[in-house]
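*Asks:*
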Amino acid sequence: MTELTDGLDRVLGAKTAKALDGSLGIGNVAELLRHYPRRYARRGELTDIAGLEIGEHATVLARVEGATKKPMRQRKGSILEVTITDGQRRISCAFFGNQVWRERELRPGRTGLFAGKVTAFRTTLQLANPEYELIDPDGDESSAMDSFLAQIIPVYPAAAGVQSWTIGRAVRQVLDTLEPVDDPLPPGLRERHGLDGLHDALTQIHRPESWERLDAARERLKWDEAMAVQLIFAQRRHSAVSRPAPSCPSKPGGIAAAFDEKLPFQLTEGQRQVGEAIAADLATEHPMNRLLQGEVGSGKTIVALRAMLQAVDAGRQAAMLAPTEVLAAQHARSLREMLGELGQAGELGAADNATRITLLTGSMSAKERKQALLDTASGAAGIVVGTHALIQDHVSFADLGFVVVDEQHRFGVEQRDALRSRGADSTSPHVLVMTATPIPRTVAMTVYGDLETSSLRELPAGRSPISTSVVPVAEKPAWLDRAWRRVAEEVGKGHQAYIVCPRIGDEPPSDKSDKRPPIAVLDLAPQLADGPLKGLRIGVLHGRLPSDDKDAVMRAFAAGKVDVLVATTVIEVGVNVPNSTVMMIMDADRFGVSQLHQLRGRVGRGSVPGLCLLVTEALDGTSTRARLGAVESTLDGFELSKLDLELRREGDILGAAQSGKRSGLKLLSLLEDEAVIEQARVVAQEVVGSDPGLGEHPGLARLLADVVDADRAEFLEKS
1 MTELTDGLDR
11 VLGAKTAKAL
21 DGSLGIGNVA
31 ELLRHYPRRY
41 ARRGELTDIA
51 GLEIGEHATV
61 LARVEGATKK
71 PMRQRKGSIL
81 EVTITDGQRR
91 ISCAFFGNQV
101 WRERELRPGR
111 TGLFAGKVTA
121 FRTTLQLANP
131 EYELIDPDGD
141 ESSAMDSFLA
151 QIIPVYPAAA
161 GVQSWTIGRA
171 VRQVLDTLEP
181 VDDPLPPGLR
191 ERHGLDGLHD
201 ALTQIHRPES
211 WERLDAARER
221 LKWDEAMAVQ
231 LIFAQRRHSA
241 VSRPAPSCPS
251 KPGGIAAAFD
261 EKLPFQLTEG
271 QRQVGEAIAA
281 DLATEHPMNR
291 LLQGEVGSGK
301 TIVALRAMLQ
311 AVDAGRQAAM
321 LAPTEVLAAQ
331 HARSLREMLG
341 ELGQAGELGA
351 ADNATRITLL
361 TGSMSAKERK
371 QALLDTASGA
381 AGIVVGTHAL
391 IQDHVSFADL
401 GFVVVDEQHR
411 FGVEQRDALR
421 SRGADSTSPH
431 VLVMTATPIP
441 RTVAMTVYGD
451 LETSSLRELP
461 AGRSPISTSV
471 VPVAEKPAWL
481 DRAWRRVAEE
491 VGKGHQAYIV
501 CPRIGDEPPS
511 DKSDKRPPIA
521 VLDLAPQLAD
531 GPLKGLRIGV
541 LHGRLPSDDK
551 DAVMRAFAAG
561 KVDVLVATTV
571 IEVGVNVPNS
581 TVMMIMDADR
591 FGVSQLHQLR
601 GRVGRGSVPG
611 LCLLVTEALD
621 GTSTRARLGA
631 VESTLDGFEL
641 SKLDLELRRE
651 GDILGAAQSG
661 KRSGLKLLSL
671 LEDEAVIEQA
681 RVVAQEVVGS
691 DPGLGEHPGL
701 ARLLADVVDA
711 DRAEFLEKS
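Encoded structure:
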């Protein structure tokens, strides 16, 4: 008999076990049974071919429509081109060499599973040398694939060398000998919510007797994932509030009040409400952990500055962390400009109650860095601005009471944990994390579950509209020439432009992929200077430039001394040049939906409408083009954030935003399963409230290790 902890070599044999481990990282029975089918096909129904992605390993259930054989041009032999269809769209399968026996097998009308890497041949999608397994039309016992005897056919996430049908057979072999599985969920919880037992759920998810049993199995296994994640965050919240924090109450007549008096504009209602909530949190002796989200230009920086001044009034220091040195330098400049004489402590003309703003980054000169470290350690600097290098051990604060983290999606849980030890007298500083990437409520509740969430929903006043267009260069190469002329036209009107590339250009080759390397800044800039943008003043900006050079380029661009800035995503957040009216994003398909939305927010910041051009070689009919089309069609960041979530594996989001480890989120949908997430959150808080270490709930403790994996369980120790 087989148990969940058994290695697969004993159950399946060394060859299959090695293939599953090498291709998919599946090493034991539990990991195999948690490798759920990606989707299910109904016997007689074909897979929708639309939306296949170039470069992905796809498995489709399709019907052979026709086959042709032609000689190869470069060498002896022939190519057998088999066209398969789902009844709506077609994709070709290319088999190389003499394939007489395949011709006999792949007759028009035959149906089967076809698995391989999706490539592009000219402008059509193709599976090159795919593996396939045909279905016996009668479905009798002589069928080569016994899974097709069932009405519901599981299709597994597969990889080269391990096809869906191989995984299916391995799963069936394991299930046939599986011992009864101990259930981690308490019986009362299962009964209250009408949930299947774990053994039944694992059986039905792989070998469903009916669609109803399959739905019940999915519901139960979603609960496992939701409970594991919510238990993590319940433990984190419990741990956070049990730590002391430096109380920073508001001070009448202090620097914060003086700043409010000199503000040249009225705060929005949202800014006032969020400001009051933050002020109340700062006054307590428990660490604030709050997420502030708002669209570009919604006024998050003003909210953060007012909170930092409240900490300074209380005799504490505040730190502001930015994801890049370019943005850190810009934040320091803008804070100084907003504060004026209130931010000039130690300088001539400073206000009596002024504080000092210090910039600290990794690439400053030795002299500048030494002075910045001294100001930080002595307390002379009330506000310290820098990159994530600020939380490194060698940076010492006199009395750090409050930390603002800009762009939360660049800053994970491990870095937040590093902040907890930076307060004075064993206290944890209050933390405010900000993002201009709108986050759906269930994502905020699940991915950022240890944080309270506030939103600034009001649209920025005075912003010009931005229009977005996809430039499909594979199908319409002339459009690229027109795009370069459009950039030149904008510069001719006295405006400026961004050209964004996914790569710098001085990196070593990352792999042996047959995919073209992304367009690089250092390659494109000279081509433009000698070609379509000849005569224009072109600047270059990327993350590996020395700090002084980056600052000089940004200052020149802001001053209008550079017409076109060819840059990487260092300009993604915070960079504010109102005269910039057009942005071209090269290889736009290499960026995420939310990132594209962030990038285009750099244009249209003045009185002239902005234009964003998404240049791509992605073909029509692929999910990539659908993604770019969605960015083209809406400026609603919350809608795009939902789309981003739909198109990405949600487990990846949890891993990237939290520990960076492999996640166990495979079935739970952060968009569709709000009810399960909320119910699990309530249960998790009740359990952790009475049993923080889960000592009285060994099944739930085991669930954490099983669903979220050992790396995550180890990561929890840092909480």
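If you're matching positions, the sequence shown starts at 1 in full-length UniProt numbering and goes up one per residue.
All C-beta atoms in this analysis are idealised placements derived from N, C-alpha and C, irrespective of residue type, glycine included.
1. In whole angstroms, give me the CA-to-CA distance for Phe397 and Pro508.
2. In chain order, what residues of the same chain lie with their CB nearer than 7 angstroms to the CB of Ala277, ignoring the 5 residues before and after it?
3. What's the C-alpha gap between Ala307 and Thr119?
4. List the DSSP bridge partners of Arg39.
5. Going by DSSP, what residues sit across from Arg290 in a beta bridge?
6. With a 10 Å radius around its C-beta and 16 neighbouring C-beta atoms as the bar for buried, classify Val100 as buried or exposed.
7. For Pro184, which residues in the same chain have their Cβ closer than 8 angstroms to its Cβ, ignoring the five residues on either side in sequence?
8. Taking three-plus beta-carbon pairs below 8 angstroms as touching, is the region 62 to 72 in contact with the region 107 to 122?
9. Let me confirm a value: Gly97 is counted as buried when at least 16 other C-beta atoms fall within 10 Å, else exposed. Which label applies?
10. Could you check if Ala322 is buried or exposed, using at least 16 other CB atoms within 10 Å of its CB as the buried criterion?
11. Note down, one range per segment and in chain order, each alpha helix (DSSP H) of at least 4 residues found wholly within the region 63 to 141.
12. Report the rounded CA-to-CA distance for Leu628 versus Leu619, giving the unit in angstroms.
13. For the putative contact between Arg39 and Val155, defined by C-beta atoms under 8 angstroms, what is the C-beta separation to the nearest angstrom?
14. Under 6 angstroms Cβ to Cβ from Ala226, same chain only, skipping five residues before and after it: list those, please.
15. In whole angstroms, what is the alpha-carbon distance linking Asp6 and Leu175?
16. Grab the span of the alpha helix (DSSP H) containing Thr616 for me, first residue to last.
17. Around the C-beta of Thr427, are 16 or more other C-beta atoms found within 10 angstroms, so that it is buried, or is it exposed?
18. Are the CB atoms of Leu221 and Ala201 nearer to each other than 8 angstroms?
19. Would the beta-carbon of Tyr498 fall within 8 angstroms of that of Val404?
20. For Thr124, does the count of other Cβ atoms within 10 angstroms reach 16, so buried, or fall short, so exposed?
21. When you compare only the Cα positions, how much space is there between Pro532 and Thr622?
22. Take Gln392 as the anchor and find which of Gly340, Ala366, Arg422, Leu611 has the nearest alpha-carbon.
23. So who's on the other strand from Asp406, going by DSSP bridges?
24. Would you give the residue range spanned by the alpha helix (DSSP H) that Met364 belongs to?
25. What's the C-alpha gap between Phe121 and Glu269?
26. Do three or more CB pairs link the region 79 to 99 to the region 189 to 198 at distances below 8 angstroms?
27. Closest to Val312 by CA distance: which of Ile232, His57, Gly379 is it?
28. Of the choices Thr387, Glu407, Pro429, Ile538, whose alpha-carbon is the least far from that of Leu400?
29. Need the endpoints of the beta strand (DSSP E) that Pro472 sits in, please.
30. Hey, how far is the Cα of Val500 from the Cα of Arg590?
31. Which whole-angstrom value is the C-beta distance of Val274 and Leu456, which I expect to be below 8 angstroms?
32. Please report the Cβ distance between Gln595 and Ala436, rounded to the nearest whole angstrom; I am assuming they are in contact, meaning their Cβ atoms lie under 8 angstroms.
33. Report the residue from Asn129, Arg34, Gln204 whose alpha carbon sits nearest the alpha carbon of Pro157.
34. Since I believe Gly362 is in contact with Thr324 (beta carbons under 8 angstroms), could you give me their beta-carbon distance rounded to a whole number of angstroms?
35. With distances taken Cα to Cα, identify the nearest neighbour of Gln173 among Asn579, Thr358, Thr2, His697.
*Replies:* Here's the rundown:
1. The sequence position of residue 397 within the sequence shown is 397, counting from 1. The sequence position of residue 508 within the sequence shown is 508, counting from 1. Distance between the alpha carbons of Phe397 and Pro508: 38 angstroms.
2. Here residue 277 corresponds to residue number 277 of the sequence shown, with the count starting at 1. For Ala277, same chain residues with a beta-carbon under 7 angstroms away, outside a window of 5 residues either side, are Ser454 in chain order.
3. The count along the sequence shown starts at 1 and reaches residue 307 at position 307. The count along the sequence shown starts at 1 and reaches residue 119 at position 119. Their Cα atoms are separated by approximately 52 angstroms.
4. Indexing the sequence shown from 1 puts residue 39 at position 39. DSSP, once it has assigned bridges, lists Val155 as partnering Arg39.
5. Within the sequence shown, the letter at position 290 stands for residue 290. Per DSSP, Leu432, Glu452.
6. Counting from one through the sequence shown, the residue named residue 100 turns up at place 100. When all chains shown are included, Val100 counts as exposed.
7. Indexing the sequence shown from 1 puts residue 184 at position 184. In chain order, Leu198, Asp224, Gly699, Leu700, Arg702, Leu703, Asp706 place their CB closer than 8 angstroms to the CB of Pro184, counting only its own chain and leaving out the 5 sequence neighbours on each side.
8. Because the criterion of three Cβ pairs below 8 angstroms is met, the region 62 to 72 and the region 107 to 122 touch.
9. Within the sequence shown, the letter at position 97 stands for residue 97. Counting of Cβ neighbours within 10 angstroms places Gly97 among the exposed residues, the total staying below 16.
10. Position 322 of the sequence shown, counting from 1, holds the residue named residue 322. Answer is buried; the Cβ neighbour count reaches 16.
11. Here the runs fully enclosed are 100 to 105.
12. Walking along the sequence shown from the start, residue 628 turns up at place 628. Walking along the sequence shown from the start, residue 619 turns up at place 619. The alpha-carbon atoms of Leu628 and Leu619 are separated by roughly 11 angstroms.
13. Taking the first residue of the sequence shown as 1, we reach residue 39 at position 39. Taking the first residue of the sequence shown as 1, we reach residue 155 at position 155. Their Cβ separation, rounded to whole angstroms, is 5 angstroms, which keeps Arg39 and Val155 in contact under 8 angstroms.
14. Numbered from its first residue, the sequence shown carries residue 226 at position 226. Closer than 6 angstroms at Cβ, skipping near neighbours: Leu668, Val676, Ile677, Ala680.
15. The residue labelled residue 6 in the question sits at position 6 within the sequence shown. The residue labelled residue 175 in the question sits at position 175 within the sequence shown. Per the coordinates, the alpha-carbon of Asp6 lies some 13 angstroms from the alpha-carbon of Leu175.
16. Walking along the sequence shown from the start, residue 616 turns up at place 616. It is not in any alpha helix (DSSP H) - Thr616 instead sits in the beta strand (DSSP E) that spans 610 to 616.
17. On the sequence shown, position 427 is the one that residue 427 refers to. By the Cβ-count criterion, Thr427 is buried, with 16 or more other Cβ atoms from all chains shown falling within 10 Å of its own Cβ.
18. Looking up residue 221 in the sequence shown gives position 221. Looking up residue 201 in the sequence shown gives position 201. Taking 8 angstroms as the Cβ cut-off, Leu221 and Ala201 qualify as a contacting pair.
19. Reading the sequence shown from its first residue, position 498 is the one you call residue 498. Reading the sequence shown from its first residue, position 404 is the one you call residue 404. Result no, Cβ atoms of Tyr498 and Val404 do not sit closer than 8 angstroms.
20. Along the sequence shown, one-based indexing puts residue 124 at 124. Within a 10 Å sphere around the beta-carbon of Thr124 sit fewer than 16 other beta-carbons, which makes this residue exposed.
21. For the purposes of this step, residue 532 is identified with residue 532 of the sequence shown, where counting begins at 1. For the purposes of this step, residue 622 is identified with residue 622 of the sequence shown, where counting begins at 1. Rounded to the nearest whole angstrom, the CA to CA distance from Pro532 to Thr622 is 30 angstroms.
22. The residue labelled residue 392 in the question sits at position 392 within the sequence shown. Cα-wise, what sits closest to Gln392 is Arg422.
23. Along the sequence shown, one-based indexing puts residue 406 at 406. Paired residue(s): Met434.
24. Residue numbering aside, residue 364 sits at position 364 when the sequence shown is read from its first letter. Here Met364 belongs to no alpha helix (DSSP H), and DSSP marks it neither H nor E.
25. For the purposes of this step, residue 121 is taken as residue 121 along the sequence shown, with counting starting at 1. For the purposes of this step, residue 269 is taken as residue 269 along the sequence shown, with counting starting at 1. Roughly 55 angstroms between the two C-alpha positions.
26. They do not touch, by the three-pair rule.
27. The count along the sequence shown starts at 1 and reaches residue 312 at position 312. Of the candidates Ile232, His57, Gly379, the one whose C-alpha sits nearest the C-alpha of Val312 is Gly379.
28. By 1-based counting over the sequence shown, the position of residue 400 is 400. It is Pro429 whose Cα lies nearest to the Cα of Leu400.
29. By one-based count along the sequence shown, residue 472 stands at place 472. Per DSSP, Pro472 belongs to the beta strand (DSSP E) from 466 to 472.
30. Taking the sequence shown and counting its residues from 1, the one referred to as residue 500 is at position 500. Taking the sequence shown and counting its residues from 1, the one referred to as residue 590 is at position 590. Those two C-alpha atoms are separated by around 11 angstroms.
31. Taking the first residue of the sequence shown as position 1, residue 274 is located at position 274. Taking the first residue of the sequence shown as position 1, residue 456 is located at position 456. Taking the Cβ atoms as the reference, Val274 lies roughly 6 angstroms from Leu456, within the contact range of under 8 angstroms.
32. In the sequence shown, counting from the first residue as 1, residue 595 sits at position 595. In the sequence shown, counting from the first residue as 1, residue 436 sits at position 436. With a Cβ gap of about 11 angstroms, Gln595 and Ala436 do not count as contacting.
33. Position 157 of the sequence shown, counted from the start, is the residue given in the question as residue 157. Out of Asn129, Arg34, Gln204, Arg34 has the C-alpha closest to the C-alpha of Pro157.
34. As a first step, residue 324 is located in the sequence shown; it is residue number 324 there, counting from the start. As a first step, residue 362 is located in the sequence shown; it is residue number 362 there, counting from the start. About 11 angstroms separates the beta carbons of Thr324 and Gly362, which is beyond the 8 angstroms limit, so they are not a contact pair.
35. Counted from its first residue, the sequence shown places residue 173 at position 173. When each option's Cα is compared against that of Gln173, the closest is Thr2.
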